[in-house]
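> For what it's worth, the working numbering labels the leading residue of the sequence shown as 17, then goes sequentially.
Just dropping this structure here.
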Amino acid sequence: MPAYPTAKVLEYNKDSGQALVLLENGILRIGNQIEIVGESGSTYRQELTSILLDKKPLYEVTSGSRVLIKLDKAPKINTSVSKIVGE
Numbered sequence: 017m018p019a020y021p022t023a024k025v026l027e028y029n030k031d032s033g034q035a036l037v038l039l040e041n042g043i044l045r046i047g048n049q050i051e052i053v054g055e056s057g058s059t060y061r062q063e064l065t066s067i068l069l070d071k072k073p074l075y076e077v078t079s080g081s082r083v084l085i086k087l088d089k090a091p092k093i094n095t096s097v098s099k100i101v102g103e
């Protein structure tokens, strides 16, 4: 399945497992499959389970938004978060 760059990782908090990301294009929703380059340089995929804006949960966000998302592993800073598009 193809992956399309959607957001950029700006910061990561290891204690909470949350990354501050800037949505550069498209829409991200809870339940989307995303692909991230990890700290080690390897790519991994996960389901998007949490989006927060000002400590409030959201279902979806659009371009230009800066939000926190929960990640399973530490990402590389300034790397893309790509949305996996189904068949």
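Note that CB positions come from ideal geometry on N, CA and C, so glycine has one too.
#1: Starting from the Cα of Pro21, find the closest Cα among Arg61, Ala35, Asn41 and give me that residue.
#2: With H, G and I counted as helix, E and B as strand and the rest as coil, what does DSSP make of Lys99?
#3: Rounded to the nearest angstrom, what separates Ile85 and Glu76 at their Cα positions?
#4: Return yes when the Cβ of Ile93 is within less than 8 angstroms of the Cβ of Val25, no when it is not.
#5: My output table needs one value for Tyr60: the three-state DSSP class, helix, strand or coil.
#6: Short of 8 angstroms in beta carbon distance, which residues of its chain neighbour Asn48, apart from the five on each side in sequence? Order them along the chain.
#7: What do you get for Leu69, buried or exposed, if any count of 16 or more other CB atoms within 10 angstroms of its CB means buried?
According to the data block:
#1: Asn41
#2: strand
#3: 11 angstroms
#4: yes
#5: strand
#6: Glu63, Leu64, Lys99, Ile100
#7: exposed
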